[in-house]
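Protein chains in written order, with my numbering: chain Z, 1284 to 1531; chain P, -10 to 233; chain A, -10 to 269.
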Amino acid sequence: MDLIAGWFSHLNDTTGINFTVFYDAFDRARFLNGFLVTLELCGVTITGSVLMGILGAWGQGARSWLIRVLVQFYIQMFRNTPPLVQVYFFYFGLSALLPKVTDNLGMQHPLIGGFIWASISLICFAGAFNVEIFRSGIEAIPNSTREAAEALGYTRLQTYIHIVLPLALRICMPALTNNLVNLIKTTPLAYAIAVPELLYVSNQIWSDDENVPEMMLLLFIIYIGLVGILVFAMHRWERALRVPGLGR
Amino acid sequence: MAEPLLIIENLHKKFGPIEVIKGVSMTVAKGEVACIIGPSGSGKSTLIRCVNALVPFEAGSVKVLGIEVNDPKLDKLQLRKHVGMVFQQYNLFPHRTALQNVMMAPVQVLKRDRAEVEAEAYALLKKVRLQGKEHSYPGELSGGQQQRVAIARSLAMKPDLMLFDEVTAALDPETVGEVLITIRQLAEEGMTCVLVTHEMGFAQEVANEVYFTDRGVIIEHAPPAQFFANPTDERTKSFLSKVL
Amino acid sequence: MSKPFAVLLPLPEILHHHSAPARFRLSLRHGAALLGLLLLVSVAANAADAPAQAGVFTVLARWTPLLLSGFALNILISVMSMSVGTILGAFLGLALISPNRVLSAPAWGVTQFFRNAPWLVLLFFMIFLLPYHMQIGPFTFTAPDWVKAVIGLALPVMANVAEIVRGGVQSIPNGQWEASESLGFTRRQQLWQIILPQALRRMIPPWMNLYAILTTSTTLASIVGVNDVVTLAAQVLSAEGSRPDLLAPIYGYVLVMFFIYIYPIAWATRRLETKYQVRN
Chain Z
1284 MDLIAGWFSH LNDTTGINFT VFYDAFDRAR FLNGFLVTLE LCGVTITGSV LMGILGAWGQ
1344 GARSWLIRVL VQFYIQMFRN TPPLVQVYFF YFGLSALLPK VTDNLGMQHP LIGGFIWASI
1404 SLICFAGAFN VEIFRSGIEA IPNSTREAAE ALGYTRLQTY IHIVLPLALR ICMPALTNNL
1464 VNLIKTTPLA YAIAVPELLY VSNQIWSDDE NVPEMMLLLF IIYIGLVGIL VFAMHRWERA
1524 LRVPGLGR
Chain P
-10 MAEPLLIIEN LHKKFGPIEV IKGVSMTVAK GEVACIIGPS GSGKSTLIRC VNALVPFEAG
50 SVKVLGIEVN DPKLDKLQLR KHVGMVFQQY NLFPHRTALQ NVMMAPVQVL KRDRAEVEAE
110 AYALLKKVRL QGKEHSYPGE LSGGQQQRVA IARSLAMKPD LMLFDEVTAA LDPETVGEVL
170 ITIRQLAEEG MTCVLVTHEM GFAQEVANEV YFTDRGVIIE HAPPAQFFAN PTDERTKSFL
230 SKVL
Chain A
-10 MSKPFAVLLP LPEILHHHSA PARFRLSLRH GAALLGLLLL VSVAANAADA PAQAGVFTVL
50 ARWTPLLLSG FALNILISVM SMSVGTILGA FLGLALISPN RVLSAPAWGV TQFFRNAPWL
110 VLLFFMIFLL PYHMQIGPFT FTAPDWVKAV IGLALPVMAN VAEIVRGGVQ SIPNGQWEAS
170 ESLGFTRRQQ LWQIILPQAL RRMIPPWMNL YAILTTSTTL ASIVGVNDVV TLAAQVLSAE
230 GSRPDLLAPI YGYVLVMFFI YIYPIAWATR RLETKYQVRN
């Protein structure tokens, strides 16, 4: 660790290329915290949006007309509007309608904090796309498969869980991977509502140390790295799910 | 006898570690019709693609009109002027009419005069009995009609050798006949043809020589009368008994 | 067909086939539902109002011209970014499919980088690192923030367009390459006369989809200080005394603006997608 710190400190002294996060303890701590928050945000939103997608795809096939319309309304609203404004709507708009809590110092805080609102907003955003993705996977399953399940006595829910979902998941993997990559690329939005994620802390660091290009480089490397890890993990999952003769 | 039009000597072709053509030799004289039959996977389609330089091969030699196909310095256009190919999936250009499909190559590749080519194209389409369909798009034509346009398209380049890769395999039985009539007409006019085909009846009537391939080698070959009446090899007999 | 510029006008191919009849499924209901939500929130907010304050709808009506002018900037940014990005992306896409590794390898690198980098970070990058005054030869350009935003957004558009081009070309069946090669066409002739005219039609739905995504991403420019509709919305809120009951309606109003612009694009994209699928 000291070796790295020493090398980067030397780099700064000689060339002026200033990667403070490597040799300055305070910056390093800030940066790592920001990185952790980003990781948390990515993890929460990826999981949440996939669940949202599964729920929504289920709702699209519901018998109740009302549920189908509500799901359609949800999808169209979140797909055709800017995610940033969605975040503001949640964080400023809805938050203002909720009661405030008073902490022990007598100060008022909103009931739900920035991180949670950002998560909810991003889950709804990516979830809407996931619903469409799952729907196309589900539609690719021939009706005869569903009929066979019904003939065997499966309820609609059982068919969905045991037969439709596993098949649909394999079919729509590439599109799902693509959408989750987009989700990771969208998380820096949370900066706008002062969530201390990676971009936010990087902004603080470069404001203090005036090393914008270096921080930018680090940001690019880390985000591209995160995307790479996700794609790798999804490919492994896809391979694990592979069934001989299914698909190409 | 004049020098054969097509000479294949000891051709070897591998896809990765798998050898699909294991030493094939054959000659086709000018005006001859050679039919290649055999089970799937015997290398027939690959063989024909080697002749047209669509696919490279590792060892052996293929000479068309004295042009060595595997010559790395070969200008492929020289070869393609003499060899025409028709595919199982027709491969017409869907965004062009039948007439345009036939005209494109002579105009853009051979740089010939447009008016001349157009007149010839009309004549070719008439020859394959598609008068009136010149301005139809491939999507509006039946399979058999599309295949005949594909034949006309290759003929427009005035080749010396025509290669047919299972051209009737993707067609409805009703339309197979119209395509075979067209090919027979070509053969009767003296075109040198190499056909990979499943149509045994056609081979019997039109071919000068029938070749049977299995697993990358030519098992036997003979004029059709002899081939179908007295096949010598066990594998040939077994194949013929399944398809005839 | 042998007209030299025919390839630049592939419209006959694209418009040649008759379109499927239109299907208005739930579009009116969505708009109605969205307005309904806005209404709901406004009514709720209104109900909580002190009688002396102006009603929500009065406020919205008062500020609509200003907000629309901000929205116009968003659209301008999106159109310019899309244009620049598409042109650059077309070239990058051609490099990507080139058999020459000297072209295709760097093209792949550039495409991967700009496809996987977060758009907001790219915007920050452009804002900070592009100078206000740029000198190209004898010309001096001033680049206000919104122009930097256009450049910043054009880069991921470029990478995505390159990928769309690559995907479109790859979707053309191998038989087309074989047949044209057998007829003696050079690779350039194959690409421009046969492959690209067919692939272009398939590229349109993903390209339109990209535009929709880009338009929603123009709001990111507000974070780096561009005076777009989101920034103006925030200014409107402070001008109205930062009333908490106005927050949801104003942002909801902005959502509706984008919805009204983007939904038709999304609907047209879907129609084109199904039409081209039916053909094949």
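Don't be surprised by glycine CBs; every beta carbon is placed ideally from N, CA and C.
Mind listing the chain Z neighbours of residue i? Cutoff is C-beta to C-beta under 8 Å, in chain order.
i: A:G59; result: None at all; the shortest Cβ gap to chain Z is about 12 Å.
i: A:G241; result: F1372, G1376
In chain P, which residues lie less than 7 Å from residue i when you measure between Cβ atoms?
i: A:S171; result: N41, L43, R69, M74
i: A:I183; result: F82
i: A:L152; result: It should be noted that the sequence gives Glu, not Leu, for residue 152 of chain A. Simply none; closest approach about 23 Å.
i: A:A168; result: F76, N80
Could you spell out where the alpha helix (DSSP H) holding residue i opens and where it closes?
i: A:G78; result: 45 to 85
i: A:S206; result: 185 to 206
i: Z:I1454; result: 1448 to 1469
i: Z:F1291; result: 1285 to 1298
Would you kindly report the start and end of the unbroken beta strand (DSSP E) that includes residue i?
i: P:T181; result: 181 to 185
i: Z:A1432; result: Here Z:A1432 belongs to no beta strand (DSSP E); instead the alpha helix (DSSP H) covers 1426 to 1434.
i: P:H1; result: -5 to 4
i: P:E129; result: Run containing P:E129: none; DSSP gives neither H nor E here.
i: P:G27; result: Note, P:G27: premise wrong, no beta strand (DSSP E); not H, not E.
i: P:M74; result: 72 to 75
i: Z:K1383; result: 1383 to 1385
i: P:E8; result: 7 to 17
i: P:F153; result: 150 to 154
In its own chain, which residues sit with a C-beta less than 6 Å from the C-beta of residue i, not counting the 5 before and 5 after it?
i: A:L(-3); result: Bear in mind that a pLDDT of 42 at A:L(-3), under 50, signals an unreliable position, so the model cannot answer this.
i: A:T75; result: V150
i: A:Q179; result: S169
i: P:V235; result: Lying before the first or after the last residue shown, residue 235 of chain P is absent from chain P, which here runs from -10 to 233.
i: A:F60; result: V218, M246
Take the Cβ of residue i as the centre, count every other Cβ of all protein chains shown within 10 Å, and call the residue buried at 16 or more, exposed below.
i: A:Y121; result: exposed
i: A:A151; result: buried
i: Z:A1308; result: exposed
i: Z:N1387; result: exposed
i: A:R176; result: exposed
i: Z:S1347; result: exposed
i: Z:G1511; result: exposed
i: A:R90; result: exposed
i: A:H7; result: For A:H7, the pLDDT reaches just 37, beneath the cut-off of 50, and the residue's location in the model is therefore unreliable, although a value from the coordinates is still provided. By the 10 Å Cβ count, A:H7 comes out exposed.
i: Z:R1525; result: exposed
i: P:V72; result: buried
i: P:P6; result: exposed
i: P:A176; result: buried
i: A:A210; result: buried
i: Z:E1415; result: buried
So which residues of chain Z does residue i contact, with C-beta pairs closer than 9 Å?
i: A:A255; result: Q1359, R1362, N1363
Kindly list the residues whose CB is nearer than 7 Å to the CB of residue i, restricted to its own chain and excluding five residues on each side of it in sequence; keep chain order.
i: P:H1; result: E8, I10, K11, G12, F46, E47, A48, G49
i: P:A42; result: V58, K65, L68
What I want to know is whether the C-beta of residue i ends up closer than 7 Å to one or more non-hydrogen atoms of the ligand ADP.
i: Z:H1392; result: Of the ligands one can find in the structure shown there are none, so the ligand ADP has no counterpart to examine.
Using beta-carbon positions only, say whether residue i and residue j come within less than 8 Å of one another.
i: P:L36; j: P:T181; result: no
i: P:T202; j: P:S31; result: yes
i: Z:L1452; j: Z:N1413; result: no
i: A:I153; j: A:M192; result: yes
i: P:V106; j: P:L152; result: no
i: Z:S1485; j: Z:A1409; result: no
i: A:T207; j: A:L109; result: no
i: P:I207; j: P:T225; result: no
Under 8 Å Cβ-Cβ, which residues of chain A neighbour residue i?
i: P:Q78; result: P162, G164
Can you pull the chain P neighbours of residue i, defined as C-beta to C-beta under 8 Å?
i: A:Q178; result: Q97, V98
i: A:P186; result: H84
Can you give me the Cβ contacts of residue i inside the same chain, cut-off strictly under 8 Å, excluding the 5 residues immediately before and after it?
i: P:H124; result: T86, A87, L88
Give the interface partners of residue i over in chain Z, defined as CB-CB distance under 7 Å, in chain order.
i: A:P120; result: Result: empty, since nearest Cβ-Cβ is about 13 Å, beyond 7 Å.
i: A:A132; result: Within 7 Å Cβ-Cβ: nothing; A:A132 doesn't reach chain Z, min ~17 Å.
i: A:A106; result: F1503, Y1506, I1507
I want to verify the contact list: residues of chain A whose CB lies under 7 Å from the CB of residue i, in sequence order.
i: Z:V1320; result: Within chain A, no residue comes near Z:V1320; the closest Cβ sits about 15 Å away, beyond 7 Å.
i: P:L66; result: G173
i: Z:A1475; result: I212
i: P:M180; result: Those within 7 Å of P:M180 in chain A number zero; the least Cβ separation is about 16 Å.
What residues of chain A sit near residue i, judged by a beta carbon separation below 9 Å?
i: Z:K1383; result: Residues of chain A passing the Cβ test: none, with the nearest at roughly 10 Å.
i: Z:V1464; result: R104, N105
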